[in-house]
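The structure under discussion appears below in the form of structure tokens.
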Amino acid sequence: MSWRESNTPRLSALAVAEVHFPDQASRVRHLYQVSDAFRSMCDDLAVILETLTHLDDLPRAEREVRRQEYKELEKALLSEIGEALSQSNVVSLKRS
Numbered sequence: 103m104s105w106r107e108s109n110t111p112r113l114s115a116l117a118v119a120e121v122h123f124p125d126q127a128s129r130v131r132h133l134y135q136v137s138d139a140f141r142s143m144c145d146d147l148a149v150i151l152e153t154l155t156h157l158d159d160l161p162r163a164e165r166e167v168r169r170q171e172y173k174e175l176e177k178a179l180l181s182e183i184g185e186a187l188s189q190s191n192v193v194s195l196k197r198s
């Protein structure tokens, strides 16, 4: 049983990001608190995953098209979140 199935409680956007990036959970929490852009990406990911749980209610032909569309959005957004996490670990050194 997956955490996304409709009979499980909906996870918060922060929890969704932590589930996908468990090794970087503390960085996820930090960015979620300090970055509106990162928080927005997490919110979007939660909406995408919530939508995926409800696609079975659609007619079969539309369901498969929508599932593919939302899976592509999920993949792209996970990549974007991963990139944001990677960039947050970079320390910029200024020369004097």
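Be aware that the sequence shown starts at 103, since it is given in the working numbering, and climbs by one per residue. Using N, Cα and C, we set each Cβ at its ideal position, and we do this for glycine too.
Host alpha helix (DSSP H) of residue i (start-end)
{"i": "L179", "result": "162–190"}
{"i": "H122", "result": "115–122"}
{"i": "L154", "result": "138–155"}
Pair within 8 Å by beta-carbon distance, residue i and residue j
{"i": "I150", "j": "E176", "result": "yes"}
{"i": "S181", "j": "R129", "result": "no"}
{"i": "L179", "j": "Q126", "result": "no"}
{"i": "L157", "j": "R165", "result": "yes"}
{"i": "L118", "j": "A148", "result": "According to the sequence displayed, residue 118 carries Val and not Leu. Taking 8 Å as the Cβ cut-off, V118 and A148 qualify as a contacting pair."}
Chain C contact for residue i (CB, 8 Å cutoff)
{"i": "E174", "result": "Among the protein chains of the structure shown there is no chain C, as only one such chain exists."}
- Message: Would you call the stretch 137–145 in contact with the stretch 170–177, where contact means no fewer than 3 C-beta pairs closer than 8 Å?
- Response: With the cut-off at 8 Å, the stretch 137–145 and the stretch 170–177 do not touch.
- Message: Across the stretch 113–127 and the stretch 142–162, are there enough close Cβ pairs to call them in contact, namely three or more that are closer than 8 Å?
- Response: With the cut-off at 8 Å, the stretch 113–127 and the stretch 142–162 touch.
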